[in-house]
Every structure is written in C-alpha cells, then in structure tokens.
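Okay, structure first, notes after.
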Amino acid sequence: MKEKELRRSLAVLPIGTVMKLTDLTARQIRYYEEQELVIPARNEGNRRMYSLNDIDKLLEVKDYLAEGLNMAGIKRIYAKKLAEKQAKQGKSLTDADVRKILHDEFIAVSGLSKQSQFSFRNNGL
DNA sequence: CTTCTGACA
DNA sequence: TGTCAGGA
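Residue numbers (our numbering): 3 to 127.
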C-alpha cells in the first residue's frame, strides 16, 4: 500500500506536460511555486519536474481559485490544514472535527476574498 | 525545440 | 497574468 504513494511522488513530468494536464499557463505554475503552494523537484538542468501528487495539488489550487479564493486565502487553507494535521498527532481530533474546522475556515476566507474582489470591480479596477 | 529567470510599453 | 529578452 506504499508502492503507489511512492510512484505518485516521483517527479517525472516537465512543465509542458503539467500545462496540458492542468490547463494552467507556465506563468501561473511558476507563480504558485513562488507562493510556496507547489514546489517541484529540479532535474540536472534546473528544469522543474512534477509528480502526480503535484498535479493533484495544482488542480486543487486551480479549483480554489475558480471558487473565488486568492493566494492569501489558499495559503490560509493549507496553513490551517497543516496545523490540524500536526495537532491531530499530539492530541486526537476526529476526522469530522477536522473537516468542520476546515469548512468553517473555507467559508470565512471565501467570503472575504469574494467581497474584496467585488469591491475592486465596483470601483472600476 | 523547451524551459529558466527577471522585468515591465 | 501576459509577454519579451537572453541564455542554457
């Protein structure tokens, strides 16, 4: 049950393939890396190499963006998710607890970013 | 030909 | 975010 996870973690896809698989531009993919959302491996020639897990993460980020979240919002989601994951090792929250916390956080952040994006549009920006 | 970094009419 | 430069 570890074999698949290992293979899914192997970085074997160049950015060009990732572009086709995620429908994101190279600019966006590199930008998300700057934002520390998806850090790909590098090959001998300094080329970015992505794994299947990276693809999933990128698609996930793409979905959040489509739902109206901004970089700050997405970072908060993952920060929260990581915090819960670590807390879950020391203490023991149920999966339901974690999901509720993540859901509440998502709603809060989602509302804020949408609000600010709308205000920008209303101000002609 | 493909990707990389840095920069901005 | 797009896009161009200049190099690998």
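C-beta: ideal position from N, C-alpha, C; glycine also.
- VAL14 and MET73 have their C-alpha atoms roughly 26 Å apart.
- Membership of ARG50 in the beta strand (DSSP E) is indicated by the continuous run 50-52.
- ILE17 is a Cβ neighbour of ALA28, given a cutoff of 8 Å.
- DSSP lists TYR52 as the beta-bridge partner residues of LEU15.
- Across the set ILE76, LYS90 and GLY92, the C-alpha of ILE76 shows the shortest separation from the C-alpha of ILE109.
- Contact check for THR24 and LYS64: beta-carbon distance about 6 Å, within the 8 Å limit, so the pair qualifies.
- Following the DSSP letters along the chain, one finds LYS90 inside the alpha helix (DSSP H) bounded by residues 73-92.
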